[in-house]
Structures are given as C-alpha cells and as structure tokens.
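Numbering (this note's numbering), first residue to last: 1094 to 1389. To start, the structure itself, in structure tokens.
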C-alpha cells in the first residue's frame, strides 16, 4: 500500500512493503530526487538495513551456538510493515517479530520507522524495542539511492561531487571482492572535504568511512544549484556506493554496524559494531535528507 505525505516544499511517498520511501519530489518543480530502481535487479529505493548491515559470512550467523540464515542487509526491506500513524506531514511504519522473522532472527522486537517533513527536510527516525526476555543484537542503517545525475541524459556524473561539512583526513575500510572487510585501511581523503564523482570513483566498491569530523555531506553539481544534504551525525559510519559503470544513482548511507570481517567466525554478540539492547530496552536514532531546489 502506498502512503504519501507532503508540505509546501516536498511530496514523499512510501510503501508498507519495506516501510521505506520510494519517491521524494519537489512540490513545485516536480523533480524526483530518488532513483527509480530496476524491477528485475534492485527495485528498492531507500531501504532500512536491519538487523544486519552488509553480509554475514556464508549468509549465516551464530547465536548461542546455532546458525541462522540472514540475507544481505537483513530482512526489513523485504518485509510487510504496518502503517501505525499518518498525518499530513508525518507517517510511521512498524515491523513486529513473528514466526517467520523468528525462524532467522530469534528475538521478539518491534521496529518503527518514522518520516517527518520539516521545511525541505525529511527526518527519518528508527526506533527498536526489545520485547524479549533476553538481550538482542542488531545493526541498523539506511541506504538512500539518490538520483545522480539528477537530470538524466542532460546531465553528467562527472559534474557532481560530495562535499563534507569539514575537511577530513580519513582512510576507508578495505573490502574483498565479496564485500567483506579485510581489517586493513586504505588512505582516502587527506585534508579535503570533496569527493569528485566519476565512474572510476566506485571501481573499488563501497567507501566505508568512520571517525569523521563532519556531521553531514551534500551531493552537489557544478552545473546547477540543486543539492541533497544527508545529516548522519548520530551514526558511527558513512558509506558511499554506486555502480562502477553507467550509474544513475549514488547511495549515501548512515550505518550503525557493518559487514563481517572476512575471517570472522564468532557469535553475533561478538561482531564489531553490533548494538546490544537489553530486555525491555528501546533504541532510537535519526538521520535526515534535505533537498535544496534553489536555482540562482
């Protein structure tokens, strides 16, 4: 079921399947800012990553010495969520544990995803509640696929860049061809606040950055003044990814957690960056997407 909210600046559309947004449009311009997806390949646009981020080894993880299947980025994006609340400029979706989720994730939980429009900004808030009588372990993050180039064939990826709030000196985590972490780091930015985009930018796969001074980044063009700002200040990791050829999008992803290390064989409770939530506990975290449509 499609659900939409709007204000004087934006129209945002979401679906109960996945509980995620699939369209961000300028109300006056009609410009779309999310990639529209490819049905036979990747038809999700801004998925919620839960209860894992990235891949677990052999698509299985261990809890209490038992192995469980887990798809890449978890199951929230492919599950049916319930619309809990809806106003003109807010909507909330909830995913609750059931027998199907417990077959691969043995915890009683409720995951709430709230979308709130404030001016030209969408605030996305995740709330996780542990309804079990034991600690639960999870990662959570977002995977917004921003339309880039924004104007399709009239535009070129080479005109775009990602600008950080502050100049950064930071390495990126090295990953294998199968998207697991090696434990090594690669020098990336040195006293710079700009990543220039081109097809070569993504030839080595996902850029996984942590310990950043910046609280936000902005996707900008040298040919026009429209831009998209992602504020990720509550998150530990910023991930940036796109196809390494003929890309029509750039994903700027706030993460709490990451994929397994290539040599990791431990329990989910031992996984680096995992969140432990005590029984009856609640966890809340937010990020935002801000659209700038100024043309001057």
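Cβ atoms here follow ideal geometry from the backbone N, Cα and C, with glycine treated the same way.
- Around the beta carbon of residue 1179, a 10 Å sphere encloses fewer than 16 other beta carbons of the protein chains shown; the residue is thus reported as exposed.
- Taken in chain order, the whole beta strand (DSSP E) runs of length 3 or more contained in the stretch 1282-1346 are 1300-1303, 1309-1314, 1320-1324, 1330-1334.
- For residue 1377, there is no enclosing alpha helix (DSSP H); the enclosing beta strand (DSSP E) covers residues 1375-1385.
- Secondary structure at residue 1361: helix, using DSSP grouped into helix, strand and coil.
- Excluding its 5 nearest sequence neighbours in each direction, residue 1200 has C-beta neighbours in its own chain below 6 Å: 1225, 1229, listed in chain order.
- If you look at residue 1189, you'll find it in the beta strand (DSSP E) that goes 1183-1189.
- With contacts defined by Cβ atoms closer than 7 Å, residue 1302 and residue 1331 form a contacting pair.
- Non-local C-beta neighbours of residue 1261 in its own chain, meaning closer than 7 Å and more than five positions away in sequence, comprise 1282, 1285, 1286, 1305, 1306, 1307, ordered along the chain.
- Within its own chain, no residue has a Cβ closer than 6 Å to the Cβ of residue 1131 once the five positions on either side in sequence are excluded.
- At the C-beta level, residue 1124 and residue 1148 stay beyond 7 Å of one another.
- The alpha-carbon separation between residue 1204 and residue 1340 amounts to approximately 32 Å.
- Residues of the same chain with a CB within less than 7 Å of the CB of residue 1338, apart from the 5 flanking positions on each side, are 1292 in chain order.
- Per DSSP, reduced to three states, the secondary structure at residue 1141 is strand.
- Secondary structure note for residue 1267: it is in no alpha helix (DSSP H), and the uninterrupted beta strand (DSSP E) holding it is 1253-1268.
- Counting along the chain, the unbroken beta strand (DSSP E) around residue 1206 starts and ends at 1202-1211.
- Comparing alpha-carbon positions, the option among 1101, 1194, 1127 lying closest to residue 1236 turns out to be 1127.
- Linking residue 1145 to residue 1114 through their CA atoms gives a straight-line distance of about 20 Å.
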